[in-house]
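Let me begin by presenting the structure, written as structure tokens, before commenting on it.
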Amino acid sequence: MGKDFKSMVTRCIYVGKENDNVKKLETATEELKDLRNNVMKRVKMYEDQQKLKRLEKVQVWLRQADVAIKEAEEMLIRMMSSSSSNGSSMMSYHKMDKKLCKKLKEVQEIKSRGTFDVVVENSGIGGSMMVSTVDRDDQTVGLEAVSGLVWRCMTVDNTGIIGLYGVEGVGKTTVLTQVNNRLLQHKSNGFDFVIWVFVSKDLNLEKIQDTIREKIGFLDRSWTSKTEEEKAGKIFEILSKRRFALFLDDVWEKVDLVKAGVPPPDGQNRSKIVFTTCSDEVCREMGAQTKIKMEKLPWERAWDLFKKNAGEETVKSHPDITKVAQEVAAKCDGLPLALVTIGRAMASKKTPQEWRDALYILSNSPPNFSVLKLLDRN
1 MGKDFKSMVT RCIYVGKEND NVKKLETATE ELKDLRNNVM KRVKMYEDQQ KLKRLEKVQV
61 WLRQADVAIK EAEEMLIRMM SSSSSNGSSM MSYHKMDKKL CKKLKEVQEI KSRGTFDVVV
121 ENSGIGGSMM VSTVDRDDQT VGLEAVSGLV WRCMTVDNTG IIGLYGVEGV GKTTVLTQVN
181 NRLLQHKSNG FDFVIWVFVS KDLNLEKIQD TIREKIGFLD RSWTSKTEEE KAGKIFEILS
241 KRRFALFLDD VWEKVDLVKA GVPPPDGQNR SKIVFTTCSD EVCREMGAQT KIKMEKLPWE
301 RAWDLFKKNA GEETVKSHPD ITKVAQEVAA KCDGLPLALV TIGRAMASKK TPQEWRDALY
361 ILSNSPPNFS VLKLLDRN
């Protein structure tokens, strides 16, 4: 449904004027698709190499999101067709609008449940955990050096807030996960609490508080009845007496951590806050004392990483494949996540035509989850 779907929806007009609910449903559906794609990307990253199992609640939500998106898009197209018909009566208009409002509420409700701190679990042990998204060899393309730099910041007292920034797909979440895992693996790390929060574009301070509450072990049943200020007071009461490491992934705007109840790191409590963002401005607004910019890979290292994941044998199996493979790798724009994921998606492609098809797809769309599904299908 791509561009044609969007253009048809934007032209959807009822009784000579745009229907607000149509635009609201279109917007809500696009936001749900973005959120669904983001959650699925995280799930696939954690599943591919670690052989972990996605949480049942995450799988259920993904199914519900898929169904809601499909039904909403079909409804919007039907409404566009009906509105273009001169025979549409006011009665049929009101009937359709009622269905549209119901679907809008459903999409918004599913979207409100789409923020997950942890998306996978260790199927052998049964406990939820955060895991590294790339194997050890893949870390040698530059992420390990950044991870080491963040780790050093965790061990010095004059840096309390660390910001990792760079374009999407450059490996920020991978580095954050590596440092998080390293702390969890070292029981004598000096931190009383290691807390991971997935923030996302739709900033929700209460959900951040709920995640922190779970990690610090505050299980009082009265929590749900507390106000935001009361929750902040309880979090502050506990964290102000302990040393903590707080990891915030995918920050789009300033998170008022004081309002959430998180004590500012200082030389006395020696706590740490590390976050990822695409924006240097967010680093400034968050008060980062150390900012680390993550850069794209230079071509030689990008090509090596792509070949490693696509397979040297596959890339060299035909002269035409080698040439097209370089063009496909170039479309990944030096982004480690794209190079690894698309490289693996192309590992099973054994004919020049399959590679040319992939290049055509990538030439018309930037690497993302939808493109990966299309590559798999081809």
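The opening position of the sequence shown corresponds to residue 1 in UniProt numbering, with each subsequent residue numbered one higher.
Cβ atoms here follow ideal geometry from the backbone N, Cα and C, with glycine treated the same way.
Is the beta carbon of residue j closer than 8 Å to that of residue i?
| i | j | result |
| --- | --- | --- |
| methionine 154 | alanine 245 | yes |
| phenylalanine 275 | glycine 163 | yes |
| phenylalanine 306 | glycine 267 | no |
| methionine 75 | lysine 95 | no |
| cysteine 149 | valine 22 | Checking the sequence, you will find leucine at residue 149 rather than cysteine. No. |
| serine 147 | valine 170 | no |
| cysteine 283 | lysine 291 | yes |
| lysine 254 | glutamate 285 | yes |
| lysine 111 | glutamate 168 | no |
| residue 380 | glutamate 229 | This structure cannot speak to residue 380, because the chain is shown only from 1 to 378. |
| asparagine 38 | serine 200 | yes |
| leucine 203 | tryptophan 151 | no |
| isoleucine 238 | valine 262 | no |
Apply the 10 Å Cβ neighbour rule to residue i and answer buried if 16 or more other Cβ atoms are within range, or exposed otherwise.
| i | result |
| --- | --- |
| glycine 190 | exposed |
| aspartate 250 | buried |
| tyrosine 165 | buried |
| proline 264 | exposed |
| glycine 217 | exposed |
| threonine 133 | With a pLDDT of only 34 at threonine 133, under the threshold of 50, the placement of this residue in the model should not be trusted; the figure read from the coordinates follows. Buried, since its Cβ has 16 or more Cβ neighbours within 10 Å. |
| alanine 68 | buried |
| phenylalanine 26 | It is worth fixing the name first, because residue 26 is glutamate in this sequence and not phenylalanine. It is buried - the Cβ of glutamate 26 has at least 16 other Cβ atoms within 10 Å. |
| glutamine 59 | exposed |
| glutamine 209 | buried |
| alanine 65 | buried |
| alanine 145 | exposed |
| threonine 351 | exposed |
| arginine 213 | buried |
| glycine 334 | buried |
| glycine 160 | buried |
| tryptophan 303 | buried |
| lysine 316 | exposed |
| lysine 33 | buried |
| arginine 242 | exposed |
| lysine 98 | exposed |
| arginine 78 | exposed |
| lysine 349 | buried |
Am I right that residue i and residue j are in contact with their C-beta atoms under 8 Å? What's the rounded C-beta distance?
| i | j | result |
| --- | --- | --- |
| valine 175 | leucine 143 | 6 Å |
| valine 120 | leucine 52 | 4 Å |
| alanine 358 | valine 328 | 6 Å |
| aspartate 157 | arginine 270 | 6 Å |
| asparagine 309 | leucine 339 | 7 Å |
| methionine 294 | lysine 105 | That pair is no contact at about 40 Å. |
| leucine 62 | methionine 40 | 6 Å |
| alanine 232 | valine 107 | Their Cβ separation, rounded to whole angstroms, is 31 Å, which puts alanine 232 and valine 107 out of contact at 8 Å. |
Can you tell me whether residue i is helix, strand or coil according to DSSP?
| i | result |
| --- | --- |
| threonine 276 | strand |
| serine 363 | helix |
| lysine 293 | strand |
| alanine 358 | helix |
| arginine 54 | strand |
| alanine 245 | strand |
| valine 199 | strand |
| residue 393 | No answer is possible for residue 393: the residues shown for the chain start at 1 and end at 378. |
| aspartate 157 | coil |
| phenylalanine 116 | coil |
| valine 194 | strand |
| isoleucine 216 | coil |
| valine 107 | helix |
| valine 251 | strand |
| isoleucine 125 | Model confidence at isoleucine 125 stands at a pLDDT of 38, short of 50, so the residue's coordinates are unreliable; what they give is reported in the following sentence. Coil at isoleucine 125, not helix or strand. |
Shorter than 7 Å, the distance from the beta carbon of residue i to the closest heavy atom of the ligand PLP, or not?
| i | result |
| --- | --- |
| serine 188 | This structure does not include the ligand PLP; it has no bound ligands of any sort. |
Discussion item. If contact is defined by three or more beta carbon pairs under 8 Å, each pair taking one atom from either stretch, is the stretch 318–325 in contact with the stretch 188–202?
Written reply: no
Item to complete: Examine the Cβ distances between the stretch 221–232 and the stretch 299–314 and report whether three or more of them are shorter than 8 Å.
Response: Cβ pair count under 8 Å is below three, so no.
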